[in-house]
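Enquirer: Here the sequence shown is numbered in our numbering, starting from 153 and rising by one per residue.
Yeah, the Cβ is synthetic: ideal placement off N, Cα and C, and Gly gets one too.
Before I ask anything, let me first share the structure, which is written out below as structure tokens.
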Amino acid sequence: MSRSSPTLQAPGTCTAMPRRWPAAPRHPTPSRIPADRMAETVEWSLAIATATRLAPRGPDLSRVQAREAVAMLRDLSAEAIEPVRQVTGLDVPGDGRAAVVDRPAWIASNVAGMRIAMSPLLDEL
């Protein structure tokens, strides 16, 4: 009889031994991470690579369709400036033109923003 799989027996009389899993490897905890590595607690390049790999593909557009979509997004973003300003009190820096980017560039930009936003917290670790 195998120790890892039950044999066919009457209900409620299974004698299989539970599997023994190897001990989980010890991962560094904040108290075991050297101080010079604390600033890199998050592997930002890995976050970008993973998100880029997992993000769904964008729409399949011709070059003409892509240009039209970019123009439309820029026009719509220009229309949104004043309503956003009224609600949030925020001003648009520069000329106010929206940067229309592909998904990998959008991911990299978001990770960069997250890195800035999280830096005070990560500095405390």
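1) Would you call Ile259 buried or exposed, if buried means 16 or more other Cβ atoms sit within 10 Å of its Cβ?
2) From which residue to which residue does the alpha helix (DSSP H) around Arg219 run?
3) For the segment 262–276 against the segment 233–245, are there 3 or more C-beta pairs whose distance is under 8 Å?
4) Rounded to a whole number of angstroms, what is the C-alpha to C-alpha distance between Arg219 and Leu213?
5) Considering only the alpha carbon of each residue, which of Ile200, Ala257, Ile233 and Gly241 lies closest to Arg249?
6) Locate the alpha helix (DSSP H) running through Glu195, then write down its first and last residues.
7) Please classify Arg267: does DSSP put it in a helix, a strand, or coil?
8) For Val222 versus Val244, is the C-beta distance shorter than 8 Å?
Expert: Per the coordinate set shown:
1) buried
2) Arg215 to Thr240
3) Taking a cut-off of 8 Å for Cβ pairs, the segment 262–276 and the segment 233–245 do not touch, as fewer than three such pairs fall below it.
4) 9 Å
5) Ile233
6) Glu195 -> no alpha helix (DSSP H), and no H or E assigned at all.
7) helix
8) no
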